[in-house]
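Working notes, beginning with the structure itself.
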């Protein structure tokens, strides 16, 4: 029922525009998608080309000898490729779980309780995100060294968690603010504790918003591992995919078609997760507007 209402609302919104305005909208979307998808399409084509055709001039989109050989040979040239992919997936999963553990109660507190300095604290979260990760590498390195966390998974997990908690709080807080307070007040009147209300009342209702935060956090944790891992880790058995491929480039992995093949293999877990959860993510992004 809700899905039909959203579809009807979307069609009604787009029908408000004149035909030339629709053409402009769809043309803008097409240009945007072209810039977003073109690098992935080119990476896939490079992974299929033989080495001699990658650097050939003039450039050809479809060349002779295109095959999936690089997807098999890369496993031989990079024996630890499976470990790099596992490390990336494991680090992103741990960062996501730790981030959600901190974000859920914090977002609920900022959405429901007015306390001194709450707005200033929320603004400071955005200010922290404006600081680039490279600026904080040296201070974080000293902290990790003093805590004895260098060359451990914790050195790769904790900084990513700290960077992603602020944006997670902002995303989930915006969704929780749209949940009627009367639901919590009714549970409170029945004698429910704050923790019970959060776990049994708020979280089930906020599940679409949680899915959005989870996907955004996982993608952010999966894609932002390079600078942290290359700064805080020197063990080849803890490298995520980005660092592993970087260190192998020019050595045992010298062919660009194999580099692209390994990159696409590493991106597949994120693509699969997003494919199965995309409907829930869209519901989470639009549910607040429908409820309002």
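Residue numbers (the numbering used here): 17 to 308. Every residue, glycine too, gets a C-beta built ideally from N, C-alpha and C. Given the structure is predicted, the values throughout are model-derived calculations rather than measurements.
{"Query": "How about residue 14 and residue 181: do their beta carbons lie closer than 8 Å?", "Result": "The structure shown does not extend to residue 14, since the chain spans only 17 to 308, so no value can be given for it."}
{"Query": "Given a threshold of 16 other Cβ atoms within 10 Å of its Cβ, counted over all protein chains shown, does residue 103 qualify as buried or as exposed?", "Result": "buried"}
{"Query": "Find out if the Cβ-Cβ distance for the pair residue 250, residue 167 is shorter than 8 Å.", "Result": "yes"}
{"Query": "Do the CB positions of residue 77 and residue 173 come within less than 8 Å of each other?", "Result": "no"}
{"Query": "Label residue 290 either buried or exposed according to how many other C-beta atoms from any shown protein chain fall within 10 Å of its C-beta, with 16 as the threshold for buried.", "Result": "exposed"}
{"Query": "What are the boundary residues of the alpha helix (DSSP H) that includes residue 58?", "Result": "35-64"}
{"Query": "Check for me: the alpha helix (DSSP H) holding residue 85 runs from which residue to which?", "Result": "85-93"}
{"Query": "Are the CB atoms of residue 34 and residue 273 nearer to each other than 8 Å?", "Result": "no"}
{"Query": "Leaving out the 5 sequence neighbours to the left and right, which residues in its chain are closer than 6 Å to residue 253 when beta-carbon positions are compared?", "Result": "none"}
{"Query": "Assuming contact is defined by CB atoms lying nearer than 8 Å, are residue 231 and residue 293 in contact in what I supplied?", "Result": "yes"}
{"Query": "Output needed for residue 280: all residues of its chain with C-beta closer than 7 Å, excluding positions within five of it in sequence on either side, in chain order.", "Result": "59, 60 and 63"}
{"Query": "Quick check on residue 114: buried or exposed, where buried means 16 or more other Cβ atoms within 10 Å of its Cβ?", "Result": "buried"}
{"Query": "When DSSP labels each residue in this structure, what does residue 164 get in the three-state scheme?", "Result": "coil"}
{"Query": "Tell me the rounded alpha-carbon separation between residue 215 and residue 207.", "Result": "15 Å"}
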